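Number of protein chains: 2
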Amino acid sequence: MPSEFELIRRHFGKPVQHAALGVGDDCALLALRPGMQLAVSTDMLVEGRHFLPTVAPQRLGHKALAVNLSDLAACGAKPLAFTLALALPRADEDFVAPFAQGLLALAAEHDIELIGGDTTRGPLNICITVLGEVPTGQALLRSGAQVGDDLWVSGVLGDARLALEVFRGTVSLSESAFEATRSAMEMPQPRVTLGLALRGVASSAIDLSDGLVGDLGHVLQRSGVGATIKLAALPRSAWLRDVAPAVQRECLLAGGDDYELLFTAPPSRHAAVQAAAQQARTPVHCVGRIDTGSALRVLDEAGAELPQTWRAFDHFSA
Amino acid sequence: MPSEFELIRRHFGKPVQHAALGVGDDCALLALRPGMQLAVSTDMLVEGRHFLPTVAPQRLGHKALAVNLSDLAACGAKPLAFTLALALPRADEDFVAPFAQGLLALAAEHDIELIGGDTTRGPLNICITVLGEVPTGQALLRSGAQVGDDLWVSGVLGDARLALEVFRGTVSLSESAFEATRSAMEMPQPRVTLGLALRGVASSAIDLSDGLVGDLGHVLQRSGVGATIKLAALPRSAWLRDVAPAVQRECLLAGGDDYELLFTAPPSRHAAVQAAAQQARTPVHCVGRIDTGSALRVLDEAGAELPQTWRAFDHFSA
Chain A
100 MPSEFELIRR
110 HFGKPVQHAA
120 LGVGDDCALL
130 ALRPGMQLAV
140 STDMLVEGRH
150 FLPTVAPQRL
160 GHKALAVNLS
170 DLAACGAKPL
180 AFTLALALPR
190 ADEDFVAPFA
200 QGLLALAAEH
210 DIELIGGDTT
220 RGPLNICITV
230 LGEVPTGQAL
240 LRSGAQVGDD
250 LWVSGVLGDA
260 RLALEVFRGT
270 VSLSESAFEA
280 TRSAMEMPQP
290 RVTLGLALRG
300 VASSAIDLSD
310 GLVGDLGHVL
320 QRSGVGATIK
330 LAALPRSAWL
340 RDVAPAVQRE
350 CLLAGGDDYE
360 LLFTAPPSRH
370 AAVQAAAQQA
380 RTPVHCVGRI
390 DTGSALRVLD
400 EAGAELPQTW
410 RAFDHFSA
Chain B
100 MPSEFELIRR
110 HFGKPVQHAA
120 LGVGDDCALL
130 ALRPGMQLAV
140 STDMLVEGRH
150 FLPTVAPQRL
160 GHKALAVNLS
170 DLAACGAKPL
180 AFTLALALPR
190 ADEDFVAPFA
200 QGLLALAAEH
210 DIELIGGDTT
220 RGPLNICITV
230 LGEVPTGQAL
240 LRSGAQVGDD
250 LWVSGVLGDA
260 RLALEVFRGT
270 VSLSESAFEA
280 TRSAMEMPQP
290 RVTLGLALRG
300 VASSAIDLSD
310 GLVGDLGHVL
320 QRSGVGATIK
330 LAALPRSAWL
340 RDVAPAVQRE
350 CLLAGGDDYE
360 LLFTAPPSRH
370 AAVQAAAQQA
380 RTPVHCVGRI
390 DTGSALRVLD
400 EAGAELPQTW
410 RAFDHFSA
């Protein structure tokens with residue numbers, strides 16, 4: 100069995116190209132360009148909470164980095180580098196090799212590199228910290244939403260949750276529909292390019308990890324505003340559109356694991372939002388507006404207000 | 100039972116003072132001063148590997164941050180901020196409150212702040228990423244040791260391992276000696292001030308986390324040199340001096356969890372090393388020298404070479 104050091108060197112030991120110093124010393128060293136702030140985010144993934152034991156290691160490697168890049172995207176930050184801490188039940192090359200492959204492929208897509216980390220034996224746990232840069236003062240924050248702003252989301256919502264319901268046995272889908280939703284759950288595409296394009300356009304942003312209602316709640320709370328969402332306007336896939344209305348609602352409003360961007364912008368920037376979306380080749384939809392007060396109202400297809408029964412996915416109360 | 104968000108806010112939700120933006124958004128934002136490089140290190144702690152289930156949560160909070168700060172110390176970097184990702188079996192305030200207290204007390208000592216992170220339910224796992232700054236080009240690296248350099252260590256070695264042996268039942272100590280060694284194991288003091296004072300003085304440095312022989316091996320390999328250590332010169336506590344010679348050797352050479360600095364400097368900088376140690380109020384001892392070749396030789400009290408039976412603590416082969 101290869102040792103920890105050897106296993107890591109073999110699969111993660113690529114020499115760094117941008118960073119001043121990468122894996123193998125006590126710290127990694129990184130330079131920031133003048134006028135830039137560092138953006139930092141850390142996410143920890145645990146089996147049974149953030150992924151199912153059935154996920155292919157390559158997809159898990161992708162997802163572990165993707166959910167972190169999604170946080171940078173929500174801030175409009177350009178990814179620079181990341182660290183990886185990994186607890187593994189055993190030094191299992193059959194896991195580590197494809198895991199590294201999936202992770203490093205996504206890293207290469209975003210032109211970022213692994214600059215350090217840690218490996219230990221323990222119950223499977225993946226902790227990634229991403230580092231990015233954003234021009235000082237230009238980061239997209241949760242606190243910037245203004246009354247009267249339009250509320251936008253990228254992509255489609257609810258597919259990851261729909262796949263989870265198939266795994267749970269509460270919904271059945273055709274094989275092709277299941278594969279598509281499963282890809283949404285296991286291989287989310289972080290909206291980094293859209294986040295960059297929205298700098299100077301969006302007034303606030305957050306990435307959708309815990310479900311629309313819960314994550315929008317963070318924006319409302321931080322911005323001191325309320326909002327109205329139109330259920331009919333929420334973008335959804337053909338397969339989600341085919342399932343029972345109650346399941347659709349749950350997936351759209353409280354799905355989680357979407358990793359789309361939810362953002363606000365003044366109506367006067369409507370064309371600028373569309374231009375940013377086009378530049379990023381990412382579809383966006385206007386799904387509501389920011390109101391006075393602090394309430395979140397969800398209107399059904401007939402324009403009637405739904406009772407407020409959804410809440411954020413809370414990892415300790417689920 | 101408090102929710103995840105509430106638990107975190109209650110115990111970790113101090114507003115940031117230095118960072119541009121702290122806990123509560125998708126990313127934290129941090130400015131670097133001109134001429135500085137960012138130093139980054141990530142360590143993951145798992146029960147049974149890095150700490151025993153008997154450790155008090157307050158001490159565990161201290162240790163989790165201390166081992167990370169020790170990496171910055173080894174680079175001569177000034178700590179700025181850190182992120183914390185925490186997997187907990189349940190939202191247990193009796194654990195989180197003292198854990199946060201121990202962690203934030205050490206953070207306050209070093210004038211750094213928690214700027215972000217993640218909490219989830221799962222087998223206990225603590226992952227911290229520390230961020231520091233170092234003037235460009237001045238970081239202490241593992242690769243800088245030169246033939247003829249003196250080899251130095253800070254503090255004393257082996258006490259943490261000695262405490263572990265007591266827990267394992269292979270050694271017995273008086274109650275006061277046990278408490279002292281247990282503190283060494285559970286409350287290591289990162290040598291941050293010494294690391295800063297050694298910039299421009301030491302030619303290489305590493306922190307001792309896996310044991311002297313193993314960690315020195317990293318320096319030798321990266322620097323392309325060999326070394327000779329004199330066993331008699333290794334600094335040790337009064338209680339370690341009292342135990343059987345074979346246990347002493349094991350604790351000194353392969354103990355692990357020391358979190359002292361191992362560094363090299365040319366003999367011409369002897370006085371400068373002493374001055375740095377005095378400035379940092381940290382004892383240092385010269386324990387050997389850097390040789391040509393690639394071998395690590397350990398000389399016993401009579402000057403005879405010991406057989407090479409120690410190796411780094413490898414988390415997957417232990």
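Residue numbers (our numbering), protein chains in the order written: chain A, 100 to 417; chain B, 100 to 417. Cβ coordinates follow ideal geometry from the N, Cα and C atoms, glycine included. Quick caveat: nothing in here was measured; it's all calculated off a predicted structure.
Per DSSP, the beta bridge partners of TRP251 (chain B) are B:PHE362 and B:CYS385.
In this model, ARG132 (chain B) and ALA345 (chain B) are separated by some 50 Å (Cα to Cα). Counting only residues of its own chain and dropping the five nearest sequence neighbours on each side, PRO287 (chain A) has a CB closer than 6 Å to the CB of ALA165 and TYR358.
Residues of the segment 135–167 of chain B with a Cβ closer than 9 Å to any Cβ of chain A, in chain order: MET135, GLN136, LEU137, ALA138, VAL139, SER140, THR141, ASP142, MET143, LEU144, VAL145, GLU146, GLY147, ARG148 and HIS149. Between HIS384 (chain B) and ALA337 (chain B) the beta-carbon gap is near 15 Å, outside 8 Å, which marks them as no contact. MET143 (chain B) sits close to THR219 (chain A), with the two beta carbons spaced by under 9 Å. Between SER322 (chain B) and ASP314 (chain B), the beta carbon gap of about 13 Å keeps them out of contact (Cβ cut-off 8 Å). In the three-state reduction of the DSSP assignment, MET135 (chain B) falls in the strand class. One Cα belongs to LEU263 (chain A), the other to GLY310 (chain A), and the distance between them is close to 13 Å. The Cβ of THR219 (chain A) sits closer than 9 Å to at least one Cβ of chain B. Counting only Cβ-Cβ distances below 9 Å, ILE305 (chain A) has contacts in chain B at ASP124 and ASP125, in chain order.
The C-beta of ARG368 (chain B) has 16 or more other C-beta atoms within 10 Å across all chains shown, which makes the residue buried. When Cβ-Cβ separations below 9 Å define contact, CYS350 (chain A) makes no contact with chain B. In the structure shown, the three-state DSSP call for THR141 (chain B) is strand.
When C-alpha distances from MET135 (chain B) are compared across B:PRO156, B:GLY160 and B:GLY175, the shortest belongs to B:GLY175.
Among the CB atoms of chain A, one or more fall inside 9 Å of the CB of LEU185 (chain B).
Taking 9 Å as the upper bound on Cβ-Cβ separation, chain B lies near residues VAL233, THR235, GLY236, ALA238, LEU239, LEU240, ARG241 and SER242 of the segment 233–266 of chain A. A Cβ-Cβ distance of about 7 Å is found for the pair THR381 (chain A) and THR292 (chain A), placing them in contact under the 8 Å criterion.
Taken in chain order, the complete alpha helix (DSSP H) segments of 4 residues or longer contained in the segment 256–292 of chain B are 258–267 and 274–285. With 16 or more other Cβ atoms from the protein chains shown falling within 10 Å of its own Cβ, SER169 (chain B) counts as buried. A direct Cα-Cα distance of roughly 8 Å separates ALA204 (chain B) from HIS161 (chain B). DSSP places VAL312 (chain B) in the uninterrupted alpha helix (DSSP H) bounded by 311–322. Judged by beta-carbon spacing, THR363 (chain A) lies within the 9 Å limit of ASP249 (chain A), meaning their Cβ atoms are closer than that value.
Around the beta carbon of SER393 (chain A), a 10 Å sphere encloses fewer than 16 other beta carbons of the protein chains shown; the residue is thus reported as exposed. Counting of Cβ neighbours within 10 angstroms places GLU274 (chain B) among the exposed residues, the total staying below 16. For ASP170 (chain B), the residues of chain A that pass the 7 Å Cβ criterion are ASP125 and CYS126, in the order they occur in the chain.
Of all residues in the segment 194–222 of chain B, only ILE214, GLY215, GLY216, ASP217, THR218, THR219, ARG220, GLY221 and PRO222 come within less than 8 Å of chain A when Cβ atoms are compared, listed by chain position. For GLY354 (chain A), not one C-beta of chain B is nearer than 9 Å to its own C-beta. For VAL346 (chain A), no beta strand (DSSP E) segment is defined; the enclosing uninterrupted segment is the alpha helix (DSSP H) at 344–353. Comparing alpha-carbon positions, the option among B:THR235, B:ASP217 and B:VAL233 lying closest to ILE227 (chain B) turns out to be B:ASP217. DSSP places ALA326 (chain A) within a strand segment (E or B) once states are collapsed to three. One thing to note: ALA155 (chain A) has its Cβ within 9 Å of the Cβ of PRO197 (chain A). In terms of CA proximity to VAL145 (chain B), B:PRO188 leads the group B:ALA353, B:ALA138, B:PRO188 and B:HIS209. Under the three-state reduction of DSSP output, GLU400 (chain A) falls in the coil class, being neither helix nor strand.
Per the coordinates, the alpha-carbon of ALA180 (chain B) lies some 48 Å from the alpha-carbon of ALA343 (chain A). The Cβ neighbour count for ASP125 (chain A), taken over all protein chains shown within 10 Å, is at least 16; the residue is labelled buried.
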